[in-house]
Amino acid sequence: MSDTQRRLDDILGVILARRKAKGKLRKLSNTPTNFVDFSSNGYLSLSTNSEIQKTLLSRLQAEVAAPKDSNGSHNSRRSLLGSGGSRLLDGNSPLAESLEDKIASFHGAEAALLFTSAYDANTGLLGSVPQPGDVIVYDELIHASVHDGMRMSRATKRIPFAHSSISEAQRGRTTDSKESGVVSRSKNQGLGHVLRELAKDERVTSCKANVFICVEGLYSMDGDTVLLKEIVETVDRYLPSGNGYIIVDEAHSIGVFGKDGRGLVCQLGLEDRIWARVLGFGKAIGCAGDVVYDFLISGRSEPLRQYLETLIYYTRHQLHALYTRLQPSRKTLYVEETTLKSPIIPILTAAPRSLAEHCQRFGFMVRPIVSPTVPAGSERVRICLHFANTKEQVDELCGIIEVWVKNQMAEVVPQKDTKSLKATEIANKLAKRDKHKPRL
Ligand SMILES: Cc1ncc(COP(=O)(O)O)c(C=O)c1O
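In full-length UniProt numbering, the protein residues as written are 1 to 440.
Right, dumping it as structure tokens:
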């Protein structure tokens with residue numbers, strides 16, 4: 001290794017050591033297959049759906065069995081497995097174009113453009129559309145890929161607004177309701193204020209500058225949905241000439257909301273009011289391509305989505321009941337009471353790593369979410385529900401969380417009955433049950 005390479009290794013080593021010291025070093029891991037998944041974003045469990053797998057297989061088999069061309073070569077076969085090049089050169093295909101048409105028509109959009117991931121879609125969209133002089137206004141909790149896209153963009157200004165807040169009153173409400181004052185009130189203004197200020201700029205009022213407003217359909221850390229109707233009304237109000245363009249990242253809301261999983265924009269009937277949507281294959285849709293879209297379009301995902309909704313109600317109810325029964329301090333555990341139909345349920349706690357490790361010890365995969373992914377003071381364990389989860393698994397998870405909460409409470413105020421609920425007892429009970437099997 002040359003001296004120059006050693007220097008680079010040293011620099012990277014220092015950076016990694018610093019991250020480790022701060023507890024911010026990330027590394028890849030594999031979830032054991034016998035764990036119950038309460039963590040991934042595959043909300044409809046489509047990546048393990050046997051019907052989709054069989055359809056894909058039969059398409060490949062049909063292609064393999066297709067006759068050779070007149071020269072005895074396989075050159076005329078369609079490249080089902082990959083593009084073989086840039087779409088601008090030789091990588092385009094009728095398959096890719098027909099999938100884009102399908103996606104556009106399913107979601108009620110004028111057109112669709114395929115990217116390799118939602119990350120690429122966000123960076124591609126924001127890196128190319130806003131022009132010098134334009135402004136991007138974004139929800140302060142927007143995903144990192146939108147931040148990367150904004151960094152690549154030529155827009156002159158980027159302005160955050162307080163999460164899901166239109167007015168000053170909402171700015172207070174969203175934070176207060178979440179965590180009893182542990183989280184400080186956002187330092188950012190609501191969207192109404194930001195747009196009102198922008199509307200004073202002659203370049204904006206004369207439409208020389210465009211304003212792009214970036215939000216998510218379903219926020220992946222809080223599991224709350226965007227107030228999209230109010231956002232549309234606010235943009236209309238302050239940018240009446242039509243140069244306010246709303247972009248909704250539906251990475252988490254596709255599959256979960258709207259008929260057959262068309263997404264939140266379709267559920268609200270706002271297809272004509274949203275300038276662009278970023279949809280993702282990487283979460284509820286479970287896999288990329290034509291086969292899964294045919295599955296959605298045929299309505300076969302709808303029963304899965306409806307089952308998921310009942311599981312969401314059930315889990316929220318069970319977790320909130322646990323919270324009200326045990327009445328832990330809000331630092332120990334807090335579950336908000338809400339009727340949200342979102343499969344993402346945050347359990348707020350000041351000890352997210354301890355709670356997540358405890359659940360993992362019993363074979364339940366949940367993950368701690370800590371600062372800076374979420375604001376300091378709002379650390380949590382995030383529960384994500386899937387079609388493959390069962391009510392029995394939810395009950396077991398709640399039982400395990402209950403043990404942890406009681407143990408935490410016992411550390412503060414020793415209580416008699418927590419002795420009978422030592423973790424080993426639960427472990428013995430769980431050891432006796434069948435291995436977890438996805439209900440597919
Ligand atoms: C809101 C949002 N947008 C975009 C992405 C990027 O998605 P992908 O990993 O499919 O590229 C994510 C991923 O976590 C996300 O949560």
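By construction, the Cβ of each residue, glycine as well, lies at the ideal position given by its N, Cα and C atoms.
Every value quoted in this text rests on a predicted model; they were computed, and no experiment measured them.
> Looking at Ile344 and Ser220, is the spacing between their C-beta atoms short of 8 angstroms?
Replying inline: Along the sequence shown, read from residue 1 onward, the residue named residue 220 stands at position 220. Along the sequence shown, read from residue 1 onward, the residue named residue 344 stands at position 344. Yes. Within cutoff.
> Apart from the five residues just before and just after Asn140, which ones in its own chain have a Cβ nearer than 7 angstroms to its Cβ?
Replying inline: Along the sequence shown, read from residue 1 onward, the residue named residue 140 stands at position 140. Rather than Asn, the amino acid found at residue 140 in this sequence is Glu. Pro160, Phe161, Ala162, His163, Ser186 and Asn188, listed in sequence order.
>> Please return the same chain residues whose Cβ sits closer than 6 angstroms to the Cβ of Leu126, not counting the five positions on each side in sequence.
In response: Against the sequence shown, residue 126 aligns to sequence position 126. Once the five neighbours on either side are set aside, the close Cβ partners of Leu126 are Gly149, Met150 and Ser153.
> Is the Cβ-Cβ distance between Asp134 and Ala209 less than 8 angstroms?
Replying inline: Here residue 134 refers to the residue found at position 134 when the sequence shown is read from its first residue. Here residue 209 refers to the residue found at position 209 when the sequence shown is read from its first residue. Their beta carbons are under 8 angstroms apart, which means Asp134 touches Ala209 by this criterion.
>> Counting C-beta neighbours from all protein chains within 10 Å, is the total for Pro94 16 or more, i.e. buried, or is it exposed?
In response: Taking the first residue of the sequence shown as position 1, residue 94 is located at position 94. In the assembly as shown, Pro94 is an exposed residue. Its beta-carbon has fewer than 16 other beta-carbons within 10 Å.
> Does ligand 1 have a heavy atom nearer than 7 angstroms to the CB of Asn188?
Replying inline: Here residue 188 refers to the residue found at position 188 of the sequence shown. Distances between the C-beta of Asn188 and the heavy atoms of ligand 1 are all 7 angstroms or more.
> In the DSSP assignment, what residue or residues form a beta bridge with Asp37?
Replying inline: As a first step, residue 37 must be located in the sequence shown, where it is residue number 37. Assignment of beta-bridge partners to Asp37 by DSSP yields Met365.
> What is the rounded straight-line gap between the Cα of Ile369 and the Cα of Trp404?
Replying inline: For this step, residue 369 is matched to residue 369 along the sequence shown. For this step, residue 404 is matched to residue 404 along the sequence shown. The straight-line gap from Cα to Cα measures roughly 17 angstroms.
> Skipping 5 residues on each side, what residues in its chain have a beta carbon closer than 8 angstroms to that of Glu309?
Replying inline: Position 309 of the sequence shown, counted from the first residue, corresponds to residue 309. Cβ within range, chain order: Lys341.
> Got a sec? Which residues, its chain only, sit under 8 angstroms from Gly190 by beta carbon, not counting five neighbours each side?
Replying inline: Residue 190 sits at position 190 when you count from the first residue of the sequence shown. So the qualifying residues of the chain are Phe161, Ala162, Ser165, Ile166, Ser167, Glu168, Gln170 and Arg171.
> Going by beta carbon distance, what residues of the same chain come within less than 7 angstroms of Val146, once the five residues before and after it are set aside?
Replying inline: Translated into the one-based positions of the sequence shown, residue 146 becomes position 146. If we look at Val146 and ignore the five residues flanking it on each side, its Cβ neighbours are Asn122, Leu126, Tyr138, Cys214 and Asp249.
>> Quick check: the Cα distance between Arg19 and Arg361, rounded to an integer number of angstroms?
In response: By 1-based counting over the sequence shown, the position of residue 19 is 19. By 1-based counting over the sequence shown, the position of residue 361 is 361. When rounded, the distance between both Cα atoms is 26 angstroms.
>> Using only CA atoms, which one of Trp275, Leu60, Ala21 and Ile231 lies nearest to Pro130?
In response: As a position in the sequence shown, residue 130 is number 130, starting the count at 1. Residue Trp275 is the option with its Cα nearest to Pro130.
>> Assuming Cys266 is part of the beta strand (DSSP E), what are its boundary residues?
In response: Here residue 266 is taken as the residue at index 266 of the sequence shown, counted from 1. Taken as a continuous stretch (DSSP letters only), Cys266 belongs to no beta strand (DSSP E), being part of the alpha helix (DSSP H) at Leu264 to Gln267.
> Near Leu60, what residues of its chain come up, given a Cβ to Cβ distance below 7 angstroms and the 5 sequence neighbours on each side ignored?
Replying inline: Start at 1 with the first residue of the sequence shown, and residue 60 comes out as number 60. Excluding sequence neighbours, Leu60 sits near Leu80.
> Cβ atoms of Cys384 and Leu322: under 8 angstroms apart, would you say?
Replying inline: Reading the sequence shown from its first residue, position 322 is the one you call residue 322. Reading the sequence shown from its first residue, position 384 is the one you call residue 384. Against a cut-off of 8 angstroms, the Cβ pair of Cys384 and Leu322 comes out as no contact.
>> For Thr390 and Asp294, what's the separation of their Cα atoms in angstroms?
In response: Looking up residue 390 in the sequence shown gives position 390. Looking up residue 294 in the sequence shown gives position 294. Computed Cα separation, rounded: 26 angstroms.
> Going by beta carbon distance, what residues of the same chain come within less than 6 angstroms of Leu296, once the five residues before and after it are set aside?
Replying inline: Locating residue 296 in the sequence shown gives position 296, where the first residue counts as 1. By the criterion of a C-beta distance shorter than 6 angstroms, Leu296 is surrounded in its chain by Asp260 and Gly261, once the five residues flanking it on both sides are discounted.
> Where does Tyr334 sit, in a helix, a strand or coil, going by DSSP?
Replying inline: Here the question's residue 334 lines up with position 334 in the sequence shown. Of the three classes helix, strand and coil, the one that applies to Tyr334 here is strand, per DSSP.
>> What would DSSP say about Thr4, mapped onto helix, strand or coil?
In response: Position 4 of the sequence shown, counted from the first residue, corresponds to residue 4. Helix, per DSSP.
>> Quick check: does the Cβ of Ala251 come within less than 7 angstroms of any heavy atom belonging to ligand 1?
In response: Reading the sequence shown from its first residue, position 251 is the one you call residue 251. Within the cutoff, so yes.
> Would you say the beta carbon of Ser220 comes nearer than 7 angstroms to a heavy atom of ligand 1?
Replying inline: Position 220 of the sequence shown, counting from 1, holds the residue named residue 220. Short note on Ser220: C-beta closer than 7 angstroms to some heavy atom of ligand 1.
> Out of curiosity, what's the CA-to-CA distance linking Arg367 and Gly286?
Replying inline: Working through the sequence shown from its first residue, we reach residue 367 at position 367. Working through the sequence shown from its first residue, we reach residue 286 at position 286. Their backbone Cα atoms lie some 20 angstroms apart in a straight line.
> Could you give the residue range of the alpha helix (DSSP H) that holds Ile312?
Replying inline: Here residue 312 is taken as the residue at index 312 of the sequence shown, counted from 1. Run containing Ile312: Glu302 to Leu326, per the alpha helix (DSSP H) assignment.
>> Could you tell me the alpha carbon to alpha carbon distance between Gly289 and Glu100, rounded to whole angstroms?
In response: Start at 1 with the first residue of the sequence shown, and residue 289 comes out as number 289. Start at 1 with the first residue of the sequence shown, and residue 100 comes out as number 100. Using only the alpha carbons, I get a separation of about 10 angstroms.
> Near Thr55, what residues of its chain come up, given a Cβ to Cβ distance below 6 angstroms and the 5 sequence neighbours on each side ignored?
Replying inline: Residue mapping note: residue 55 aligns to position 55 of the sequence shown, counting from 1. These residues qualify, in order along the chain: Val291.
>> Using DSSP's beta-bridge definition, name the partner residues of Lys157.
In response: Walking along the sequence shown from the start, residue 157 turns up at place 157. Beta-bridge pairing links Lys157 to Val135.
> Can the beta-carbon of Met365 be found less than 8 angstroms from the beta-carbon of Phe106?
Replying inline: Counting from 1 along the sequence shown, the entry for residue 365 is found at position 365. Counting from 1 along the sequence shown, the entry for residue 106 is found at position 106. In this structure, the beta-carbon distance from Met365 to Phe106 does not fall below 8 angstroms.
>> DSSP three-state label for Asp201, please.
In response: Looking up residue 201 in the sequence shown gives position 201. Asp201: coil per DSSP, three-state reduction.
>> For Leu13 and Lys27, what's the separation of their Cα atoms in angstroms?
In response: Taking the sequence shown and counting its residues from 1, the one referred to as residue 13 is at position 13. Taking the sequence shown and counting its residues from 1, the one referred to as residue 27 is at position 27. Checking the sequence, you will find Gly at residue 13 rather than Leu. Roughly 15 angstroms between the two C-alpha positions.
> What is the DSSP secondary structure of Cys384, counted as helix, strand or coil?
Replying inline: In the sequence shown, counting from the first residue as 1, residue 384 sits at position 384. If DSSP states are grouped into helix, strand and coil, Cys384 belongs with the strands.
>> With a threshold of 7 angstroms (Cβ to nearest heavy atom), would Gly261 be considered close to ligand 1?
In response: Counting from 1 along the sequence shown, the entry for residue 261 is found at position 261. Gly261 Cβ: outside cutoff for every heavy atom of ligand 1.
> Hey, Val381 and Ala356 are a contact pair by Cβ (cut 8 angstroms); roughly how many whole angstroms apart?
Replying inline: The residue you call residue 381 lines up with position 381 of the sequence shown. The residue you call residue 356 lines up with position 356 of the sequence shown. With a Cβ gap of about 5 angstroms, Val381 and Ala356 count as contacting.
>> Going by C-alpha to C-alpha distance, which of Val211, Ala155 and Gly377 sits closest to Leu348?
In response: For the purposes of this step, residue 348 is taken as residue 348 along the sequence shown, with counting starting at 1. When only C-alpha atoms are compared, the closest one is Gly377.
> Would the C-beta of Ala356 count as close to ligand 1, meaning under 7 angstroms from any of its heavy atoms?
Replying inline: If you number the sequence shown from 1, residue 356 lands on position 356. Ala356: no, Cβ never under 7 angstroms from ligand 1.
> Cys214 bridges to which residues according to DSSP?
Replying inline: Numbered from 1 along the sequence shown, position 214 holds the residue referred to as residue 214. Partner residues in the beta bridge of Cys214, as assigned by DSSP, are Tyr138 and Ile247.
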